[in-house]
Structures are given as structure tokens and as C-alpha cells.
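First residue of the sequence shown? That's 78 in our numbering, and the numbers climb one at a time after it. Every residue gets a Cβ at the ideal spot worked out from N, C-alpha and C, and that includes glycine. Contents: one structure, followed by commentary.
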Amino acid sequence: MSKEVILLPQAEEDYFRLRVFLFNQTHSKSVIQRFDKEFDTAVEHIKENPDVSPFEREPIRKKVQWKYLYFYIELSDKIEVIRIYHESEDWLSELLEQ
């Protein structure tokens, strides 16, 4: 049985920040639809296969989907997505600060 995947508040902020950035850069609804589709695919993969993605720094795992990095922690009863970054962002520095 798969666990529920929850976006923590910072991950939710990341999701909306990235959507807004993409739209402002492209003004394309199809790009936003692709982003949403890839997001759904990433969350589904994390839900179905939480132990497949490598540890970035235990207990944090990193899932790469399209051009985005999803950082999450698997708990006994759920999976928490803690951050989402575009691959070009300085995600390592931010993760180390947490």
C-alpha cells in the first residue's frame, strides 16, 4: 500500500513560485500544463516508489523529473516533500541551511 504524499508549506511555495516564473518567462499555457503534468508524474513516482530515489543527505531523498528536483523524506505513515527546485537553482546551499 502506498503512502500519502504531502507537500510541506515551503514545497507548496516552491511549486507556485516555479509556476509563476515559468509563465512570466514563457507566457505559454502549454508550458504550464507540461509543468503540472511533470509535477503529477513526480509525485506519483514518489508515492509508488519512495525508496528508489537516492539519498541526497539522509534522510532526504532527491527525485529528478524533467528539469526539477523534488526533495522528500519518507516517514512511517506518509511522505513529505520538503522542497522543489529548478535544476539551475542553488538548491544545495539552501538545503544545507535547513
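{"query": "Since P136 and I150 should fall inside the 8 angstroms C-beta cutoff, what is the C-beta to C-beta distance between them, to a whole number of angstroms?", "result": "5 angstroms"}
{"query": "Among the residues of its own chain, which have a CB less than 8 angstroms from the CB of E133, if the five just before and after it don't count?", "result": "K139, F148, L172"}
{"query": "Please determine, among R96, M78, S79, the residue with the shortest C-alpha to C-alpha distance to Y145.", "result": "R96"}
{"query": "Three-state secondary structure (DSSP) at E151?", "result": "strand"}
{"query": "For K144, does the three-state DSSP call read helix, strand or coil?", "result": "coil"}
{"query": "Out of S170, E174, N126, F100, point me to the one whose CA is closest to M78's CA.", "result": "N126"}
{"query": "According to the neighbour-count rule (16 or more other Cβ atoms, all chains shown, within 10 Å of its Cβ), is R94 buried or exposed?", "result": "exposed"}
{"query": "Between Q87 and A119, which are expected to be in contact by the criterion C-beta below 8 angstroms, what is the C-beta distance as a whole number of angstroms?", "result": "The Cβ separation is near 16 angstroms, so there is no contact."}
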